[in-house]
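Chemist:
There are 2 protein chains.
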Amino acid sequence: MMEIKIVKQILAWNEDVSEEVKQLLREKNVCLVNVMGSPGAGKTSLIKKIINDLRGKFRIGVIEGDIAGQIDADTIDRMGIPVVQLQTDGACHIEAMSVQHMLPMFDLDAIDVLFVENIGNLVCPAEFNIGEDLRVAILSVPEGDDKVEKYPLMFETTDALVMNKYDMKPYFDFDDVRVETSARDLNPKIEVFRVSAKNGDGAVDFINWLSDQISRKIG
Amino acid sequence: MMEIKIVKQILAWNEDVSEEVKQLLREKNVCLVNVMGSPGAGKTSLIKKIINDLRGKFRIGVIEGDIAGQIDADTIDRMGIPVVQLQTDGACHIEAMSVQHMLPMFDLDAIDVLFVENIGNLVCPAEFNIGEDLRVAILSVPEGDDKVEKYPLMFETTDALVMNKYDMKPYFDFDDVRVETSARDLNPKIEVFRVSAKNGDGAVDFINWLSDQISRKIG
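So the sequences go chain by chain: A and B.
Residue numbering for the first sequence follows my numbering, starting at 68 and increasing by one per position.
Residue numbering for the second sequence follows my numbering, starting at 68 and increasing by one per position.
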């Protein structure tokens, strides 16, 4: 299988660069958080909520990944947060090589935590470490409760699972216990949160957990 | 950029095989429909609706693509429809090579139309032709109205855009005109439908269009 061989080559290279990114960020005392989820799961909304709640505590930067456009970067920029837009021009995930290329565009001495909003995709982003300290995977209620079983690597490798748009649960046939159980089966250490990033319901537990994790990383 | 070079190699090979698949299906008088969309957009629900409405008119087969598991194939199998589950084992899209490999698992003389449910992903599936006659891209209301701008190739290359979960529109901030306008800007020939695959609302126009297209292909 030609394809599998090639993917492994890219992955091996990516792993090397991921370690270099991690090393640089450790020297600069910056925590890197990789935020992943389907298109429309609420990645930008969650990052906006985090910025609002934690900007008094940490100095925040954002890398916005998109295939095309800069809709989300404009949103973050309007909040007065340093942001760089990565346009992958067709690629379905962010690689460590891109993060390494973008880090010099930030003043890393003036940042405590850098959030990377990955491409909207439950598959490929999970395969590529980007030097992150933490992974946050978002699954929104309207996507359905079978997604952990269908896209296992994403949930196996994440530190936290945020079930977003939880205020929409009454309108969808969504079994949150099934999601949590299947996620814990794959990943016993996973933290699971039920949140509405839009109206803030349930966000406090997630924000507190995230804040603790960041504090621990940057010491 | 090493990655881009490799992707192009795979794409060129994929194009060749896609043409072979197309040729075989033309000989067998089978129409191939590639159904794409995000995780949880409603691909399986739409295929179930199509089966229910068109099984009296056409002999239908289904290829279910998933990273892992066979939840959707079991669903289709219970409807008495010939189905083959492709597990991509991590890959984020279906390639023509896989379709070519699976076609002998069907009795193509007993099938008029074969639906391929692609991996839940708005990015990579759009890059890989699989020998299809028609592409159907699903965008569900909860995903948000900026997705055409963010994932343009999917909507530029599809024959039909189905805005699914349209019954949920009152609960989301979703501008269907923005979606339709941005899709038509990219793809003036696109057919746009507003559907609830779950309760059937609005599906009749889509089903009639699809039925006409299939009839035209198989003569």
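Yeah, the Cβ is synthetic: ideal placement off N, Cα and C, and Gly gets one too.
From Leu78(A) to Gln167(A), what distance separates their C-alpha atoms?
Modeler: Taking the straight line from one Cα to the other gives about 15 Å.
Chemist: By Cβ distance below 8 Å, which residues in the same chain neighbour Asn24(B) in space, the five residues on each side in sequence not counted?
Modeler: Within the shown structure, residues of chain B are numbered from 68 to 286, placing residue 24(B) beyond reach of any answer.
Chemist: Which residues of the region 203-217 of chain B have a Cβ closer than 7 Å to any Cβ of chain A? Give them in chain order.
Modeler: Listed in sequence order: Ser207, Pro209, Glu210, Gly211, Asp213, Lys214, Glu216 and Lys217.
Chemist: Using a C-beta to C-beta distance shorter than 9 Å, which residues of chain B count as neighbours of Glu184(A)?
Modeler: Near Glu184(A) there are no residues of chain B at all, since even the closest Cβ is about 11 Å away, more than 9 Å.
Chemist: Mind listing, in chain order, the continuous beta strand (DSSP E) runs of no fewer than 3 residues lying wholly within the region 156-189 of chain B?
Modeler: Within the region 156-189 of chain B, the complete beta strand (DSSP E) runs of at least 3 residues are 180-184.
Chemist: Excluding the 5 residues flanking Lys72(B) on each side, which residues of the same chain have their C-beta closer than 8 Å to its C-beta?
Modeler: The predicted position of Lys72(B) is uncertain, since its pLDDT is 46 and thus under 50; a value taken from the coordinates is nonetheless stated next. Excluding residues within five positions, none has a Cβ falling inside 8 Å.
Chemist: Could you tell me the alpha carbon to alpha carbon distance between Ala193(B) and Pro149(A), rounded to whole angstroms?
Modeler: Looking at the two C-alpha atoms, the distance is approximately 32 Å.
Chemist: Name the residues in the region 153-165 of chain A whose C-beta lies less than 9 Å from a C-beta of chain B; which are they?
Modeler: Listed in sequence order: Thr155, Asp156, Gly157, Ala158, Cys159, His160, Glu162 and Met164.
Chemist: Between which two residues does the alpha helix (DSSP H) carrying Phe273(A) extend?
Modeler: Where Phe273(A) is concerned, the enclosing alpha helix (DSSP H) stretches over Ala270 to Ile285.
Chemist: If the cut is a Cβ gap below 9 Å, which residues of chain A does Met302(B) touch?
Modeler: In the structure as shown, chain B begins at 68 and stops at 286. Residue 302(B) is therefore absent and cannot be evaluated.
Chemist: Specify, as a first and last residue, the run of the alpha helix (DSSP H) that Arg261(B) falls within.
Modeler: Here Arg261(B) belongs to no alpha helix (DSSP H); instead the beta strand (DSSP E) covers Glu258 to Arg261.
Chemist: Where do the N-terminal and C-terminal ends of the beta strand (DSSP E) with Glu131(B) fall, by residue?
Modeler: Residues Ile127 to Asp133.
Chemist: Can you confirm whether the region 270-285 of chain B touches the region 234-254 of chain B when touching is taken to mean that 3 or more C-beta pairs between the two stretches lie within less than 8 Å?
Modeler: Counting Cβ pairs under 8 Å, fewer than three are found: no touch.
Chemist: Run through chain B and tell me which residues come within less than 8 Å of Lys115(A), C-beta to C-beta.
Modeler: Going along chain B, no residue has its Cβ under 8 Å from Lys115(A), so there is no contact; the nearest lies around 14 Å.
Chemist: Would you check if there are 3 or more beta carbon pairs closer than 8 Å linking the region 130-140 of chain B to the region 168-188 of chain B?
Modeler: Counting Cβ pairs under 8 Å, three or more are found: they touch.
Chemist: Touching or not, the region 210-217 of chain A and the region 102-110 of chain B, by the rule of three or more beta carbon pairs under 8 Å?
Modeler: Touching, per the Cβ criterion.
Chemist: Counting along the chain, where does the beta strand (DSSP E) carrying Met103(A) start and finish?
Modeler: Where Met103(A) is concerned, the enclosing beta strand (DSSP E) stretches over Cys98 to Gly104.
Chemist: How big is the Cα-Cα spacing for Gln90(A) and Met169(A)?
Modeler: Each residue's Cα considered, the two are about 15 Å apart.
Chemist: Just the chain A side, please: which residues come within less than 9 Å of Asp200(B) by C-beta, in chain order?
Modeler: Residues of chain A passing the Cβ test: none, with the nearest at roughly 24 Å.
Chemist: Pull out every residue of the region 131-148 of chain A whose Cβ sits closer than 7 Å to any Cβ of chain B, in chain order.
Modeler: For the region 131-148 of chain A, which is checked against every Cβ of chain B, the residues closer than 7 Å are Asp133, Ile134, Ala135, Gly136 and Ile138.
Chemist: Residues in the same chain with beta-carbon distance under 6 Å from Glu82(B), minus the five sequence neighbours each way, listed in chain order, please.
Modeler: Same-chain partners within the cutoff: there are none.
Chemist: Let me know if Arg288(B) comes out buried or exposed under the rule of 16 or more other beta-carbons within 10 Å of its beta-carbon.
Modeler: Outside the displayed span of chain B (68 to 286) sits residue 288(B), for which this structure offers no information.
Chemist: How about Asn101(B) and Arg202(B): are their beta carbons less than 7 Å apart?
Modeler: Contact flag set, yes.
Chemist: For Ala163(A), tell me which candidate among Lys115(A), Met230(A), Val271(A) and Cys191(A) has the shortest Cα-Cα distance.
Modeler: Selected option, being the one with the closest Cα: Cys191(A).
Chemist: Enumerate in chain order the residues of its own chain whose CB-to-CB distance from Ser165(A) is below 7 Å, with the five nearest sequence positions on each side excluded.
Modeler: Taken in chain order, the residues that qualify are Leu153.
Chemist: Enumerated in chain order, which unbroken segments of the beta strand (DSSP E) with a length of 3 residues or greater are wholly contained in the region 190-250 of chain B?
Modeler: You should have 201-207 and 227-231.
Chemist: Output the distance between the C-alpha atoms of Ile143(B) and Asp174(A), rounded to the nearest integer angstrom.
Modeler: So the alpha carbons of these two residues sit roughly 54 Å apart.
Chemist: Could you name the residues that DSSP lists as bridge partners for Gln152(B)?
Modeler: In the DSSP output, where bridge partners are listed per residue, Gln152(B) has Glu131(B).
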